[in-house]
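Heads up, the final residue of the sequence shown is numbered 198 in the numbering used here, and it's a clean run with no missing numbers.
All residues carry an ideal CB built from backbone N, CA and C; glycine is no exception.
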Amino acid sequence: MTLKEVFDSLNTIALSQPDINGIVKSGNIYDLNEDRNAKYSVFCVTQGTHSYDFINGFNSFNFILYYVDRLQSDGDNKVEIQSTAIETLKNIIRVFSKENDVDIASASFEVFTQSFSSLCAGAYATISIEVDDDNCVEEF
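This is the structure we're talking about:
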C-alpha cells in the first residue's frame, strides 16, 4: 500500500462511522480553527515520520488520528466525548486492519480539551502501520 492509499482508506473508514460527520481533508487538525462550518464530530489524519525497511521491503507509516466533538456550554459532556472518541478511533483502527490485512499492534490514546472554532474535546491515537511495499523495482 502507498501512503495515499493508507490515508484515503483511513478517511473513508472514518466517514462510515456513525459518530463522525466530517473529516479535515488537509490533514492539519488546526485547520478546524478556520472552519466555522465544521460538522462535528470530526476526524483528522495527521502524518508523522514515515520510514522504509530496505531489507524486508516494508513501509512504516506513522499517523495521529483525531476525533473532535463540540463541548456543551457547561462542559458536562467532556468525558462522554473523550470516551466516544477512544472507542471510535479503536473501531477505525480495527476496521482498517481487517479490510487491509494489516496488523497494528498497539495505539496510544491521549484525551484533550481544545478550543478550535468551537470549544471541543476528544482524543487522538498515535499509530504505526507497517505495510508491504507493492512497488516493483525498475532499473533505468
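{"Check": "Whole-angstrom distance between N117 and G80, CA atom to CA atom", "Outcome": "28 Å"}
{"Check": "I122 versus S155 - alpha carbon distance", "Outcome": "16 Å"}
{"Check": "C-alpha distance - A45 paired with V169, whole-angstrom precision", "Outcome": "Examination of residue 45 is not possible in this model, given that the chain is present from 59 through 198 alone."}
{"Check": "Contact belief for V100 with F65 at Cβ below 8 Å, rounded distance in angstroms", "Outcome": "16 Å between Cβ atoms; not a contact."}
{"Check": "Whole-Å CB distance - N120 paired with S186, under 8 Å assumed", "Outcome": "5 Å"}
{"Check": "Proximal residues to Y110 (C-beta, below 6 Å), its chain only, five neighbours per side dropped", "Outcome": "N117"}
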